[in-house]
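Reviewing the structure listed below.
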Amino acid sequence: MTTRSERERLVTELWQEHLRAPFPDRLREADVAGVSMVLLDADLAGCVSVWRSAGGTKDDGRLRILERRLGDLDQVLDLLGDPDEATYCRRLGRLARLVAGATGAGG
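If you're matching positions, the sequence shown starts at 214 in the numbering used here and goes up one per residue.
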């Protein structure tokens, strides 16, 4: 089980990696399985950013967004053929799962 301080440390580390990583070029204008990758990235990263700014607290609205968009991410992950795209999206998914408190499967 991940404690709150461990979760915050992991989120900080992954967030810094995420901020340094370029958004994959092909995904800038791509819809994968009907999911806009730019909007998916913006929604998930936005929830992570707000969680960090709020000192590690989450609200019900953002939790619903995280849950819905993590479902979308799960739907597209196996369809990403480029390893850099997959790495970028998996890291974002892990971040979002840590914030949602779901550190188990799929993260």
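Cβ atoms here follow ideal geometry from the backbone N, Cα and C, with glycine treated the same way.
Residues 256 and 260 of the same chain have their beta carbon placed closer than 7 Å to that of residue 278, with the five preceding and five following residues left out of the count. Cβ-Cβ distances below 6 Å link residue 283 to 309 in the same chain, with the five nearest sequence neighbours on each side left out; the list follows chain order. Here residue 244 is bridged, per DSSP, to 249. Restricting attention to alpha helix (DSSP H) runs no shorter than 4 residues, the region 250-276 encloses them at 250-266, ordered along the chain. For residue 216, no alpha helix (DSSP H) encloses it, and the DSSP letter there is neither H nor E.
With 16 or more other Cβ atoms inside 10 Å of its own Cβ, residue 306 counts as buried.
Here residue 233 is exposed, its C-beta having fewer than 16 other C-beta atoms within 10 Å. Residue state for residue 235 is assigned as coil, using DSSP reduced to three classes.
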